[in-house]
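Chemist: The sequence shown begins at 60 in the numbering used here and counts up one residue at a time. Supplied in C-alpha cells, the structure appears directly below.
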Amino acid sequence: MKTKYDVIIVGAGPAGIFAALELTKLNENLEILIVDKGRNIEKRVCPARKTGVCVNCDPCSITSGWSGAGAFSDGKLSKSPLVGGRITDYMPEDEAQKLIDYTDQIYLQFGARDLVHGLDSKRVDDIMYEASKYSIQLIPCAVRHLGTELAFEVLRSMYLHLIANTKTDFEELTVVQDILVEDGNVTGVLLQQKGKEPVEVSAGFVVVAPGRGGADWLAKQTRKLGIKTENNEVDIGVRVEVPNSIMDHLTKDLYEAKLVYYSDTFDNKVRSFCMNPGGVVAEEHYDGGIAVVNGHSYADPSLKTNNTNFALLVSTKFTEPFNEPIEYGRYIARLANMLTGGGVMVQRLGDVLKGRRTDYDRLKKSTTVPTLKNAVPGDLSYVLPQRYLTSIVETLRAFDNIAPGIYSRNTLLYGVEVKFYSSKVKVNNKFETDIRNLYTIGDGAGITRGLMQASVTGVVVARDIAAKA
C-alpha cells in the first residue's frame, strides 16, 4: 500500500464512489485511495441469498464492501430532493434538483435502465387525493428502479472504470482506526488491514462516507476529534409483507408509495420506506453481530415473488440529555435477536392484535407465505416499545383505506428494522467539518438515507476538493 495520496475516501458506498467519479472527471491527475472494511464487489457473496440461511459472514457482504449496502439493495433512485435525505438543509431545492438530475445521468452512463416510475401526474394526483381523505400524506417522487441484479452491475462498472482508467486505488478489508489531524487540518488516516501492522497514510483531503454500517464508528470518531453532532430522528419499526394483490394498484404507477401518517394515540410520525413489489425480505448484519431486517426486489420478471414488502418506521426526535440514538437502535435490535437466538423475528398482524405470540403452527396458516424462510416466529410486543407497536398498528389500519387487505390477520411483520443514521455530523454547505479538508457525507453521516442523495453528496464534495486541489 502506498502511504501518500491526494485524497482518501473512507467507505466505498455510493457517496464515496461518486466522490471519486467526480474528482477524477474534474482532475485526472489526482491520486485517490478508497478503503472499505468489506470486500471488492466481485468477491461479495451472500450465502443466505442461495440457501436462505445466514452464516454470519465477517464482514457481512450485504452491508460492507464496494458499493456498500447498495450492492444488494433494491436499487431505487429517488429523483426528488424531498425524498431520501436532508440535502435541502444545505442548498436550495432547485440546486438540489439539478444535482440529482446530473447524478442520475451518471447512473445511466454506467448502465441504469431508462424506465422511470411515478411520471403519470394524473394517477399520482388521484392517489394523493384519495390518501388525503384518511390523513395519509403521499409524497410524490419519480423513481428509477435498477433492481438488485442491475444495481450490482452498475456499481461494478463504476469500480472497473475507476480502477482501470483513473489513478484510484481500492483497499478491501481495511479498517480506519483513526482520522489524523494536526493544527486543525486533516493529514490522513491510520489504516489497519487484517493480519498486518497499522499504517499511516497521508492525504491533503479525507472524505468520510462510511454508510449506515459505519455510523457507530463515525460517531466515535467525531467524539474523539471534538466534531459536533446532533441527534437525528430515530427510525425504528418493522418490515411489512403482504400479497402483491394488495399493493399492485399503488406500485404499478408509483413503484414506491412514500406514505406518511401520524398515529392516533401518540401522534408519532410513521412512514413507509423501501417498498419492493414482487420482492423478498432479507436479513442483514451489522457490527456486533446484530441482525436486522431489510428487503429488495429484482428487475427480472422471472425473479419476482408473489409478495410486496416495505418498511414501516416510527420516527422519534429525542431531546437532551439523550445523545445515543444509534445505541438505542442497536439495543432494540439486540432484544429481538435475544428472543430469536440471533435472527429476525416474524409475527402475523392477527396475532399482534390478539396479544399472542406467533408460533410455527400459526405461521403455517398464514395465506401470506414469508419470503424470509429463516425468520423466527415470535412476539414483537416483547421487543418494540408500546408507542412504537401501537403506532404501527394504527398506521396499518389507516393504510387499509387505500390498500384494502393490508390490515389483515395474515399480514406479516418482521422485526426489527432500524436505520443507523441517527447522529448528524455538523458540516457546512459543502459537507466540510470544522476540521479543514475533512468531509463527512452519505447515510453514515446522518445527512442522507438513500442511494441518490448519498451520491449527490459525493459530487458536491468532489467539486469543492477539486476547486482547492
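Every residue gets a Cβ at the ideal spot worked out from N, C-alpha and C, and that includes glycine.
#1: Considering only residues of the same chain and omitting the five flanking positions on each side of Thr324, which have a CB-CB separation below 8 angstroms?
#2: Considering only residues of the same chain and omitting the five flanking positions on each side of Glu81, which have a CB-CB separation below 6 angstroms?
#3: Would you identify the three-state DSSP class for Asn335, choosing helix, strand or coil?
#4: Here's the rule: buried if 16 or more other CB atoms are within 10 angstroms of the residue's CB, otherwise exposed. What is Thr62?
#5: Buried or exposed: where does Gln406 fall if 16 or more other Cβ atoms within 10 Å of its Cβ makes it buried?
#6: Which residues in the same chain as Leu497 place their Cβ atom closer than 6 angstroms to its Cβ, once the five residues preceding and following it in sequence are excluded?
#7: Contact between the segment 399–417 and the segment 490–504 is defined here as three or more beta-carbon pairs at a separation below 8 angstroms; is this criterion met?
#8: Identify which residue in Thr470, Gly474 and Tyr419 has its Cα closest to the Cα of Tyr441.
#9: Determine which residues share a DSSP beta bridge with Met404 and list them.
#10: For Met306 and Thr367, which I take to be in contact (beta-carbon distance under 8 angstroms), what is that distance rounded to the nearest angstrom?
#11: Give the DSSP-derived three-state secondary structure of Asn244 in the structure shown.
#12: So what's Asp237 in DSSP terms, helix, strand or just coil?
#13: Quick one: what's Gln280 bridged to in DSSP?
#14: Assuming Val515 and Thr162 are in contact, meaning their beta carbons sit under 8 angstroms apart, how far apart are those beta carbons, in whole angstroms?
#15: Note the first and the last residue of the continuous alpha helix (DSSP H) segment covering Lys255.
#16: If you draw a straight line from the alpha carbon of Gly144 to that of Pro436, how long is it in whole angstroms?
#17: For Lys424, count neighbouring C-beta atoms within 10 Å of its own C-beta (all shown protein chains included) and say buried if the count is 16 or more, exposed if not.
#18: Around the C-beta of Phe381, are 16 or more other C-beta atoms found within 10 angstroms, so that it is buried, or is it exposed?
#19: Let me check you understand the geometry: is the CB of Pro118 closer than 8 angstroms to at least one non-hydrogen atom of the ligand FAD?
#20: Just how far apart, CA to CA, sit Leu250 and Gly263?
#21: What three-state label does DSSP hand Thr207 in the structure shown?
Modeler: The relevant details are as follows:
#1: Along the sequence shown, read from residue 1 onward, the residue named residue 324 stands at position 265. Same-chain partners within the cutoff: Arg446, Thr449, Ser450 and Glu453.
#2: Translated into the one-based positions of the sequence shown, residue 81 becomes position 22. By the criterion of a C-beta distance shorter than 6 angstroms, Glu81 is surrounded in its chain by Val518 and Ala521, once the five residues flanking it on both sides are discounted.
#3: The residue given as residue 335 occupies position 276 in the sequence shown. The three-state secondary structure of Asn335, taken from DSSP, is strand.
#4: Here residue 62 refers to the residue found at position 3 when the sequence shown is read from its first residue. Exposed: under 16 other Cβ atoms inside 10 Å.
#5: Taking the first residue of the sequence shown as 1, we reach residue 406 at position 347. Its Cβ being crowded by 16 or more others within 10 Å, Gln406 is buried.
#6: Along the sequence shown, one-based indexing puts residue 497 at 438. Its chain contains Val245 and Val265 as the residues whose beta carbon lies nearer than 6 angstroms to that of Leu497, once the 5 sequence neighbours on both sides are disregarded; these appear in chain order.
#7: Not touching, per the Cβ criterion.
#8: Within the sequence shown, residue 441 is the residue found at index 382, counting from 1. If we check each option's Cα against that of Tyr441, Gly474 comes out closest.
#9: Here residue 404 is taken as the residue at index 345 of the sequence shown, counted from 1. Residue pairing by DSSP puts Met404 in a beta bridge opposite Val435 and Gly474.
#10: Numbered from its first residue, the sequence shown carries residue 306 at position 247. Numbered from its first residue, the sequence shown carries residue 367 at position 308. At roughly 4 angstroms, the Cβ-Cβ gap stays under 8 angstroms, so Met306 and Thr367 are in contact.
#11: Reading the sequence shown from its first residue, position 185 is the one you call residue 244. Assigned with DSSP and collapsed to three states, Asn244 falls in strand.
#12: Numbered from its first residue, the sequence shown carries residue 237 at position 178. Looking at Asp237 - three-state DSSP - the assignment turns out to be strand.
#13: As a first step, residue 280 must be located in the sequence shown, where it is residue number 221. DSSP output for Gln280 lists no bridge partner at all.
#14: As a working note, residue 515 is residue 456 in the sequence shown. As a working note, residue 162 is residue 103 in the sequence shown. About 5 angstroms separates the two Cβ atoms, so the contact holds.
#15: Looking up residue 255 in the sequence shown gives position 196. No alpha helix (DSSP H) contains Lys255, which DSSP labels as neither H nor E.
#16: On the sequence shown, residue 144 is found 85 positions in, with the first residue counted as 1. On the sequence shown, residue 436 is found 377 positions in, with the first residue counted as 1. In a straight line, the C-alpha of Gly144 is about 33 angstroms away from that of Pro436.
#17: On the sequence shown, residue 424 is found 365 positions in, with the first residue counted as 1. Counting the other Cβ atoms within 10 Å of the Cβ of Lys424 gives fewer than 16, which makes it exposed.
#18: Mapped onto the sequence shown, residue 381 falls at position 322. It is exposed - the Cβ of Phe381 has fewer than 16 other Cβ atoms within 10 Å.
#19: Because no ligand of any kind appears in the structure shown, any question about the ligand FAD cannot be addressed here.
#20: Position 191 of the sequence shown, counted from the start, is the residue given in the question as residue 250. Position 204 of the sequence shown, counted from the start, is the residue given in the question as residue 263. The alpha-carbon of Leu250 is positioned some 16 angstroms away from that of Gly263.
#21: As a first step, residue 207 is located in the sequence shown; it is residue number 148 there, counting from the start. In the three-state DSSP reduction, Thr207 falls in the helix class (H, G or I).
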